[in-house]
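*Asks:* Numbering (UniProt numbering), first residue to last: 1 to 536. All C-beta atoms, glycine included, are put in the ideal place defined by N, C-alpha and C.
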C-alpha cells in the first residue's frame, strides 16, 4: 500500500512539473471554494433576526396590570396589595390566550374593586416567568387568597365560570348565624361541611386558618365548588348538630350517618381535612366538564356502571339553583334514598296558609289552595304566605280529575292535586277542588253565617290522591333494589352540545330549544338510550 501511494504521489509531482498551469488552477479553485464557504457561513448568523420586544397584551383601559416583559418579581408586590389576586399567565401568540383575554377583561371590569388582576407574559425568553416556569399549555390562571395559594382554575375560560370561581375564592366559607341559616345550608343535595369555632381569642381561634385552607383546597380539586364549607360561631346554633366542642368539623350526609373529623386519628391539616371530606362525601349529582380534547374523563366515569348524562342549561352566576337542577336533584335524592327518613323533600308536613278561590265558570266548585312546607323542620316564620297569580293552574287542577265523594251525609265531593308555580325544595302548592250542592250552600249559610273556613287536607295525606305516592314509590330507593347503581352526571348544554349530538341527540339544536338531552348508558358498551325531555 505504501509503495502504491508513493508511486501515485510521484506521478502527480511529475505531472505538475510538466504542467505548472494545472497546479496554479487547482490552487486557485481551492482558495475560492474556501472563501465562498467562509462568506456564506458568516452571513448565516445574520439570517435569524432578533425577537421583537413584547408589547402590551391587554388594552390600556382594562383594569389588568399587564407585565408583558415577564416581570415575575413584581407579582409578589402586587399580591400583597390585595386580599384576592388573579394571575393570568399567557403567551402572546396563543389563540387560547387571545380568546381568554376578552373573558378576563370582562370579569376584571366587574370585580376590579375586590380582586387584583395581573397578567404575565410567560413566553418571552428573557423574562423571569419563562425562566422559572415550564408551562405545557396556555393560558394558566392562578388565584391567591391572601398568602394562600396558588389555586389553579381548571374550568372553561368563559366569563361566567371565571367570575363564579373567583366569588367562591373570595368567600370560601359561608357564615351561619342562626339555626334557620344552618337548616337552609344543609338542605341542599350537595355535600356540606360545617365548622364550629368560637371567636373569643384574638385574632382568630386555633384551627380556623386550617379550616379556611381546607375550603380553598376543595376549590383546587373541584372548580365547580360543589362541596361548600360553612362556619358556626354560636354554641346555640352548634347544639342543633350536637357539636359541643370547639374546633369541630362536621360532614353532613343525607343517606348515611354524618361524620365528625377524627382529630385523634388524623393530622389536623388542610390537606388531611380536604382528603377526608372528599373520601366520605355523598355524591348525588356530579358535574362533568370534558376538556374538548382527547381525554379519558368520560371513559373513567362510564366504565363504573350505568350512567345518566343530563345536558342542562347552567348559569354559574345564579344565586340559587335553577328549577331544572332542583328537579333533577330531587329525583336523584329519591333514587338513592333507601330509608324514607333520609328524604328532606317530604310532602307530609303541615299547611302554612290557605286561600279559597271561586271559579266563575263553575259556580258549584271552590278551589282551596294551600302553601305547604316541604321540610318538616323548616320554621313557619321563615316562609312568606304569598300566593302568585295561578288562576289557570287552579282551573287545570280542578278540571283534571273528577271529584270523589267523601261523605253521603254532607253531599260534598273533593279532589286534590298539586302544581308547581316555581320549583322549590321547601314549599309546594296544593289545590283541593270541592264541589258543594246549591241547597247545601244555602242551608249552611243560614245556619252558620260566620262559619270559619277549614283548611283542606294536605295533598300527600289524602288517600284518594295516589299520583304522588306512585311517583315516590316508583323511584324512591331504587338504588338499593338493584345490584347496579345508576350515577347521575350533569353537563352544561351550551358547552357540550356537540357531545350530546354524537350520543344521539337531534343535530338541530333549534328543534330542541327549551328541552334537555338525557343519554342513558349501561356502562358495558352494550347500548345507550337518548331521551329529549322538557323539564320546564
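1. Rounded to a whole number of angstroms, what is the C-alpha to C-alpha distance between residue 150 and residue 142?
2. Here's the rule: buried if 16 or more other CB atoms are within 10 angstroms of the residue's CB, otherwise exposed. What is residue 66?
3. Which of the three DSSP states is assigned to residue 213 in this structure?
4. Give me, in chain order, the residues of the same chain whose beta-carbon lies closer than 7 Å to that of residue 305; leave out the 5 immediate sequence neighbours on both sides.
5. Three or more beta-carbon pairs under 8 Å between the stretch 79-96 and the stretch 108-126, yes or no?
6. Indicate the three-state DSSP secondary structure (helix, strand or coil) for residue 85 in the structure shown.
7. Hey, which unbroken runs of the beta strand (DSSP E) at 3 residues or more fall wholly within the stretch 201-256?
8. Residue 253: which of 181, 146, 326 and 185 sits nearest, CA to CA?
9. I need the DSSP call for residue 142, collapsed to helix, strand or coil.
10. Residue 176 and residue 124 look like a contact to me (Cβ under 8 Å); what is the Cβ gap, rounded to whole Å?
11. With residue 163 as the anchor, note down where its alpha helix (DSSP H) starts and where it stops.
12. For the alpha helix (DSSP H) containing residue 273, name the first residue and the last one.
13. When the Cβ atoms of the stretch 296-310 are set against those of the stretch 249-268, are three or more pairs found closer than 8 Å?
14. Near residue 182, which residues of its chain fall below 8 Å by C-beta distance, leaving aside the five closest residues on each side in sequence?
15. At what residues does the alpha helix (DSSP H) containing residue 335 begin and finish?
16. Return yes when the Cβ of residue 139 is within less than 7 Å of the Cβ of residue 100, no when it is not.
17. What residue range is occupied by the uninterrupted alpha helix (DSSP H) comprising residue 103?
18. Residues in the same chain with beta-carbon distance under 6 Å from residue 58, minus the five sequence neighbours each way, listed in chain order, please.
19. Looking only at its chain, what residues have a beta carbon closer than 6 Å to the beta carbon of residue 407, apart from the 5 residues adjacent to it on each side?
20. Could you pull the start and end residues of the beta strand (DSSP E) that residue 137 belongs to?
21. In whole angstroms, what is the alpha-carbon distance linking residue 228 and residue 90?
22. Which of helix, strand or coil does DSSP assign to residue 311?
23. Can you check DSSP and say which residues form a bridge with residue 192?
24. Whose C-beta lies closer than 7 Å to the C-beta of residue 158 among residues of the same chain, with five residues either side of it excluded?
25. Throw me the rounded Cβ distance for the residue 546 and residue 317 pair, which I believe falls under 8 Å.
26. With respect to the alpha helix (DSSP H) encompassing residue 180, which residues constitute its N-terminal and C-terminal limits?
27. Is it buried or exposed for residue 61, if we count other Cβ within 10 angstroms and need 16 for buried?
28. To which residues of the same chain is residue 219 closer than 8 Å at the C-beta, ignoring the five residues directly before and after it?
29. By how many angstroms is the C-alpha of residue 500 removed from the C-alpha of residue 301?
30. Taking the CB atoms as reference points, tell me whether residue 286 and residue 489 lie closer together than 7 Å.
31. Could you tell me which of 478, 291, 506 and 475 sits nearest to residue 491, measuring between CA atoms?
*Replies:* Short version:
1. C-alpha separation (whole angstroms): 5 Å.
2. Residue 66 comes out buried.
3. In this structure, residue 213 counts as helix in the three-state DSSP scheme.
4. Taken in chain order, the residues that qualify are 484, 485, 487 and 523.
5. Look at the beta carbons and you see the stretch 79-96 touching the stretch 108-126: at least three pairs across the two are nearer than 8 Å.
6. In the three-state reduction of the DSSP assignment, residue 85 falls in the strand class, which pools E and B.
7. Listed in chain order, the complete beta strand (DSSP E) runs (minimum 3 residues) inside the stretch 201-256 are 228-232 and 248-252.
8. The shortest C-alpha separation from residue 253 is found at 185.
9. If DSSP states are grouped into helix, strand and coil, residue 142 belongs with the strands.
10. Taking 8 Å as the upper bound for CB-CB distance, residue 176 and residue 124 are not in contact here, some 48 Å apart.
11. That run of the alpha helix (DSSP H) goes 159-170.
12. Looking at the DSSP string, the run of the alpha helix (DSSP H) that includes residue 273 is 270-280.
13. The answer is no - the stretch 249-268 does not touch the stretch 296-310, with fewer than three Cβ pairs under 8 Å.
14. 176, 194, 230, 232, 237, 240 and 241, listed in sequence order.
15. Run containing residue 335: 323-336, per the alpha helix (DSSP H) assignment.
16. Yes, these two residues count as a Cβ contact at 7 Å.
17. Looking at the DSSP string, the run of the alpha helix (DSSP H) that includes residue 103 is 95-111.
18. The beta carbon of residue 58 sits closer than 6 Å to those of 64, 66 and 119, all from its chain and outside the five residues before and after it, given in chain order.
19. Bear in mind that a pLDDT of 32 at residue 407, under 50, signals an unreliable position, so the model cannot answer this.
20. That residue, residue 137, is in no beta strand (DSSP E); it is neither H nor E in DSSP.
21. Approximately 30 Å, taken between the alpha carbons.
22. In the three-state reduction of the DSSP assignment, residue 311 falls in the strand class.
23. Per DSSP, 228 and 252.
24. Excluding five sequence positions before and after residue 158, the CB atoms of its chain that fall closer than 7 Å to its own CB belong to 103, given in chain order.
25. The structure shown does not extend to residue 546, since the chain is modelled only from 1 to 536, so the question has no answer here.
26. In the DSSP assignment, residue 180 falls within the unbroken alpha helix (DSSP H) covering 179-186.
27. By the neighbour-count criterion, in which 16 or more other beta carbons inside 10 Å mark a residue as buried, residue 61 falls on the exposed side.
28. Here the set comprises 151, 165, 168, 169, 172 and 225.
29. Rounded to whole angstroms, the separation of the alpha carbons of residue 500 and residue 301 is 16 Å.
30. It is a contact, given that the beta carbons lie within the stated cut-off.
31. Looking at the Cα atoms, 291 is the closest of the given residues.
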